[in-house]
Amino acid sequence: MRYAITNYNETERRRLEALAALLDPFTFQNLKQIGIRPAWRCLEIGAGLGTVSLWMAEQLGAQGDVVCTDLQTDFIADIEHPLIRVEMRDITQPQPELEQFDLAVVRAVHHHIPDRDAAARNLVGTVRPGGHILYVEPDLHSVFCDDHPAWRRLWQAFFQWGERRDIDYYTGRRVPAQLAAIGMDILSVRGETILFNGSEASKAARDLYRGTFDAVVPPLLDQGFLSKSDSEDAYALLDNPQVWLMGLCFFATHARKPLAYGAEQEELA
Ligand SMILES: C[S@@+](CC[C@H](N)C(=O)[O-])C[C@H]1O[C@@H](n2cnc3c(N)ncnc32)[C@H](O)[C@@H]1O
């Protein structure tokens with residue numbers, strides 16, 4: 001299974017730290033709303049640094065467990081927590097557990113996966129009837145209505161770069177219909193968009209976007225998707241404390257597996 005970012009180095013660690021700093025509060029708020037409870041069995045796919053798995057483990061009390069997984073386990077291999085088990089997993093492959101988890105979480109992973117339908121089915125297969133799924137995935141619409149043309153053009157180039165790699169940057173809005181089509185009940189979908197500027201308070205957003213652009217702007221320039229002047233203007237906007245920029249929107253989709261899931265699927269077959 002290929003993933004667009006294969007450099008699991010310190011630069012990527014800092015980018016993932018920034019992503020976690022931005023998304024953890026929104027993710028935890030959604031998990032609290034689901035009502036994560038002591039002794040639950042939880043699964044995380046594409047855990048990155050594992051901040052969500054660590055938070056979930058802290059909610060479980062003395063029992064329960066968290067299976068913390070990623071295609072590349074470099075950043076989670078060292079996690080030591082009595083309730084966390086780290087494993088290398090590819091969500092495009094059938095998962096070893098069937099209907100065992102109370103909760104499965106995927107954040108900022110699904111849009112990278114070309115066969116998103118297979119990945120969603122594999123994930124749905126892991127939760128018990130009545131169990132919960134939370135997807136938190138990006139949707140680029142917000143950056144396309146930013147006030148600054150160079151910022152919009154950089155994202156347009158980024159979007160085209162993603163399309164060539166089967167990365168769907170509108171995944172956020174598409175997850176609910178995809179899960180509903182495989183029989184899940186959709187309980188809530190809400191988005192969060194960050195507006196940020198060049199000040200210290202917006203450091204996480206700047207670090208995330210700078211880290212992402214540092215990785216993709218050179219090929220965008222080489223391949224003619226982006227002009228040098230737009231790239232320079234967009235970087236300058238990032239550092240300007242007077243300029244407020246639209247970040248990506250992330251949609252959190254909370255789905256629940258119906259209690260009669262197996263029977264319903266048989267009726268449809
Ligand atoms: C952008 S990072 C997000 C990390 C973390 N979920 C977060 O939000 O902080 C995407 C992660 O998904 C993982 N990934 C990509 N394709 C995957 C797949 N097919 N199965 C499991 N993990 C995958 C990558 O290795 C990477 O760690």
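Residues in the sequence shown are numbered from 1 upward in steps of one, following the numbering used here. Note that beta-carbon positions come from the ideal geometry of N, C-alpha and C, so glycine has one too.
Buried or exposed (CB count within 10 angstroms, at least 16 for buried), Gly-46: buried
Nearest residue (CA-CA) to Thr-51, options Thr-69, Gly-61, Ile-34, Gln-63: Thr-69
For Pro-25, three-class secondary structure by DSSP: helix
Residues bridged to Asp-65 (per DSSP): Arg-41
Proximity winner among Thr-126, Ile-113, Pro-114, relative to Val-105 (alpha-carbon distances): The residue with the shortest Cα to Cα distance from Val-105 is Thr-126.
Beta-carbon proximity check, Val-136 vs Gly-198, cutoff 8 Å: Contact: no.
Glu-163 versus Gly-61 - alpha carbon distance: 43 Å
Minimum C-alpha distance to Leu-22 - residue among Phe-225, His-254, Asp-146, Ala-201: Comparing C-alpha distances from Leu-22 to each of Phe-225, His-254, Asp-146, Ala-201 shows the shortest one belongs to Ala-201.
Alpha helix (DSSP H) runs wholly inside the stretch 112 to 198, at least 4 long, in chain order: 116 to 126, 149 to 164, 171 to 181
Option nearest His-132 by Cα separation, candidates Leu-195, Leu-123, Arg-153: Leu-123
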